[in-house]
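*Asks:* What follows is a single structure, and I will ask about it in a moment.
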Amino acid sequence: MEGQQWNSEILDKLHSQNSIICGLTMDYLQLPESIIENAKPGGQVLAESKQHRNSSDINPPQTASDNTCSITKDFSCIYSKDLLPALSGEDTTKDFFQELVNILLSYVCKSFRRSSKVLDFHHPHQLREGLEGFSLELPDQPENLEQLLVDCRDTLKYGVKTGHPRFFNQLSSGLDVIGLAGEWLTSTANTNMFTYEVSPVFILMEEVLLRKMQEIVGWSEEEGDGVFCPGGTMSNLYSVLLARYHFFPEVKTKGMTALPRLILFTSAHSHYSVKKSAAVLGIGSENVVVVKCNDRGKMIPAELESSIITAKDQGCVPFYVNATAGTTVYGAFDPLNAIADICESHGLWLHVDAAWGGGLLMSNLHRVKLQGIERAWSVTWNPHKMMGAPLQCSAILVKKRGLLKDCNQMCAEYLFQTDKHYDTSYDTGDKTIQCGRHVDVFKLWLMWKAKGSEGFGSQVNKCLENAEHLFDKLNQRPDFELVFKSKPEHSNVCFWYIPPSLRNMPPGPERNRRLHEVAPKIKAKMMEQGMAMIGYQPLGDKVNFFRCVFSNPATQTEDVDYLLEEIASLGHDICIRIETDL
């Protein structure tokens, strides 16, 4: 209902500005006839495309009342040079934006419609070669605005609706309307996060958000620093960078040749960005010790302690441990308190990668799964995952205040003058390894204002309820098999679909070989049909299995039930083909 109310308010507002909008029930792929006919020389665009749309769209034909749209503006002779800042470009700019908003609003509405497809899949060579008038080639001469509107429409058409309730493919999904509004405003402001003078409001918003997140982690008011980063991989890289500088500040000027052989530790189920960080920072991926996990994907503390002692005995210098709160595949939470005890006894930096699991801190029901996170020296937390903020939105939180600046400061005089007329401690650019930095804070700040902390908590609870519903359904069906028999800790649920030909087959290499082929073939057919999307992968000695993750507030239990029926329907066909091939 909230989405419907928002759509109504937008429509009323746009109508009040004398914009003429097709009903939002229209297929977002449809553009006004004037645009379709004038977008290519000789009116070529898109008779063929229109015919394809009419034949392939799964929705029933629309009535005239749904479909009619009078467009008074013809953009076929208008170019970007006619928009602002052209002297008489204000009205033309408004008209152009109103047409673009029509396309965007229709796409948003269709993203939430279960009768619409998640994706209209095409292979890379098809898109590269040009499809139904959509060309990726760049022209020497400017094209008119009608063609640009067609290109905007086609870009959305051939993409993936990650906000669709039946998109289960990634940890980041959903389409938060308030967050989207925040991203639109951010792009309109088009400013940079390196100094207060060019980004005063956003700099203060970042400070407020970071302070709130540090408080939720459990740090005191005297502790805490941080910065928003372009993704969890960069946040994890910051943690290794800071840990190395904390113990060996001379590395900033003298480099790795002045240091002993450093060793860092992470679990076998941790994110690959830890090894990548070691490679990027010159430590070397071979100096990352992978610690064994139990069957549920949690780091085994005794194995960590043993690995640290072994590294010391070999003359190496352990300095950093990465613990994961919400692993990518299994959704496992490492035992943070036990790992923190080991780090304290050996004097090691403890980082908690809570990129995926950090959102559970917003839930009074589930935050206990991150017990001990307050003992970390640094934390990665990605609000663009469980909290549903639009990509990208990731934070590195650091307990020791001032360390970010000491580690990264270069004092570029053209940006960070010390004699400015305001408090230059708010020039945060010298804390980061970037110069220019995108504004990732406003959308999250606006969402927090809209939902409150309690709203985020309810959203997280609902996602984990969906995971439990899926787990319960899988337990009741003979055609599916869970990777784990215990209830999910996070919203990750891992399972196999078992075709009829394999259900009575004894465990062994031949069954595994056949089962390994099932998930990829089902996924391929699912993408071709386009009505749902889920990921799969092998892990360790386990052959390909499906991993369903829930982070989209729009997903309901009916979508979970649909997913299982879709997999079973596609899988029965796959079963026949596997038997034939063998």
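The number in the numbering used here is simply the position in the sequence shown, starting from 1, with 917 added.
All residues carry an ideal CB built from backbone N, CA and C; glycine is no exception.
Under the rule that 16 or more other beta-carbon atoms within 10 Å means buried, what is G1425, buried or exposed?
*Replies:* Classification of G1425: exposed, given that the 10 Å Cβ count is below 16.
*Asks:* Ordered along the chain, which non-local residues of its own chain (more than five positions away) have a Cβ less than 8 Å from that of N1281?
*Replies:* G1374
*Asks:* What is the DSSP secondary structure of M1303, reduced to helix, strand or coil?
*Replies:* coil
*Asks:* If we ignore side chains and look at the alpha-carbon of each, how far apart do S1156 and V1191 end up?
*Replies:* 9 Å
*Asks:* Under 8 Å Cβ to Cβ from R1178, same chain only, skipping five residues before and after it: list those, please.
*Replies:* N1204, G1232, C1233 and V1234
*Asks:* Using C-beta distances below 6 Å, list every residue in its chain close to T980, excluding the 5 sequence neighbours before and after it, in chain order.
*Replies:* Only weak support exists for where T980 lies, its pLDDT of 35 falling under 50; the coordinates are left without a value.
*Asks:* Are there 16 or more other CB atoms within 10 angstroms of the CB of H1042, so buried, or fewer, so exposed?
*Replies:* exposed
*Asks:* Who are the near neighbours of N1325 in its chain, counting only those whose CB is closer than 7 Å to its CB and skipping five residues on each side?
*Replies:* Taken in chain order, the residues that qualify are D1347, K1348, T1349 and I1350.
*Asks:* Go ahead and pull the three-state DSSP assignment for P1235.
*Replies:* strand
*Asks:* Hey, V1435 and G1488: beta-carbon distance below 8 Å or not?
*Replies:* yes
*Asks:* What separation, rounded to the nearest whole angstrom, lies between the Cα atoms of T1297 and H1163?
*Replies:* 18 Å
*Asks:* Would you give the residue range spanned by the beta strand (DSSP E) that Y1414 belongs to?
*Replies:* In the DSSP annotation of this structure, the continuous segment of the beta strand (DSSP E) that includes Y1414 starts and ends at V1410 to Y1414.
*Asks:* Return helix, strand or coil for S1152, following the three-state DSSP convention.
*Replies:* helix
*Asks:* Have a look at L1481 and D1323 and give me their C-alpha separation to the nearest angstrom.
*Replies:* Straight-line Cα distance between these residues: approximately 52 Å.
*Asks:* Which of helix, strand or coil does DSSP assign to A1242?
*Replies:* strand
*Asks:* Buried or exposed for Q968, going by 16 or more other Cβ atoms inside 10 Å?
*Replies:* Unreliable positioning characterises Q968 in this predicted model, as indicated by a pLDDT of 38, which lies under 50. A coordinate reading is not provided.
*Asks:* Taking the continuous alpha helix (DSSP H) assigned at K1368, which residues delimit it?
*Replies:* F1359 to N1392
*Asks:* Looking at the structure shown, is E1140 part of a helix, part of a strand, or coil, going by DSSP?
*Replies:* coil
*Asks:* Contact between the segment 1401 to 1421 and the segment 1245 to 1257 is defined here as three or more beta-carbon pairs at a separation below 8 Å; is this criterion met?
*Replies:* yes
*Asks:* Leaving out five residues before and five after H1433 in sequence, what residues of the same chain have Cβ atoms less than 8 Å from its Cβ?
*Replies:* P1455, V1460 and N1461
*Asks:* Are any of the Cβ atoms in chain D nearer than 8 Å to that of L1278?
*Replies:* Absent from the structure: chain D. Only one protein chain is present.
*Asks:* So the candidates are I1133, F1236, E1124 and Y1479; which of them puts its Cα closest to the Cα of L1176?
*Replies:* F1236
*Asks:* Find the nearest neighbour of E1222 within the set M1422, G1214, I1120 and S1262, judged by alpha-carbon distance.
*Replies:* S1262
*Asks:* Please name the residue in W1266, K1209, M1327 and K1286 whose C-alpha comes closest to that of S1408.
*Replies:* K1286
*Asks:* The alpha helix (DSSP H) that contains L1066, what's its start and end?
*Replies:* L1062 to K1074
*Asks:* Helix or strand or just coil, what does DSSP make of F1085?
*Replies:* Three-state DSSP puts F1085 in a strand.
*Asks:* Indicate whether the contact test is met: 3 or more Cβ pairs, each with one atom in the segment 1290 to 1310 and one in the segment 1210 to 1222, closer than 8 Å.
*Replies:* no
*Asks:* Tell me the start and end of each unbroken beta strand (DSSP E) in the segment 1254 to 1329 that is at least 3 residues and wholly inside, in chain order.
*Replies:* Runs found: 1266 to 1271, 1295 to 1298 and 1311 to 1315.
*Asks:* Within the same chain, show all residues whose beta-carbon is closer than 7 Å to that of L1419, passing over the 5 residues directly before and after it, in chain order.
*Replies:* R1428, R1431 and L1432
*Asks:* Which word fits G960, buried or exposed, when buried means at least 16 other C-beta atoms lie within 10 angstroms of its C-beta?
*Replies:* Per-residue confidence for G960 stands at a pLDDT of 36, beneath the threshold of 50, marking its modelled position as unreliable; the derived number appears in the next sentence. G960 should be labelled exposed.
*Asks:* Taking 8 Å as the threshold (C-beta atoms), are L1017 and L1066 in contact?
*Replies:* yes
*Asks:* Give me the Cα-Cα distance between D974 and R1284, rounded to the nearest whole angstrom.
*Replies:* With a pLDDT of 40 at D974, under the threshold of 50, the modelled position of that residue is not reliable, and the figure given next carries that caveat. Rounded to whole angstroms, D974 to R1284 spans 43 Å at the Cα level.
*Asks:* Run the proximity test for E1382: is its beta-carbon closer than 7 Å to any non-hydrogen atom belonging to the ligand SAM?
*Replies:* Within the structure as shown, the ligand SAM is missing, as the structure has no ligands at all.
*Asks:* Quick test of your reading: L1332 and F1119, contact by CB under 8 Å. State the CB separation rounded to the nearest angstrom.
*Replies:* About 16 Å separates the two Cβ atoms, so there is no contact after all.
*Asks:* Can you have a look at G1305 and say buried or exposed, based on whether 16 or more other CB atoms are within 10 angstroms of its CB?
*Replies:* buried
*Asks:* Straight-line CA distance for F1029 to F1085?
*Replies:* 14 Å
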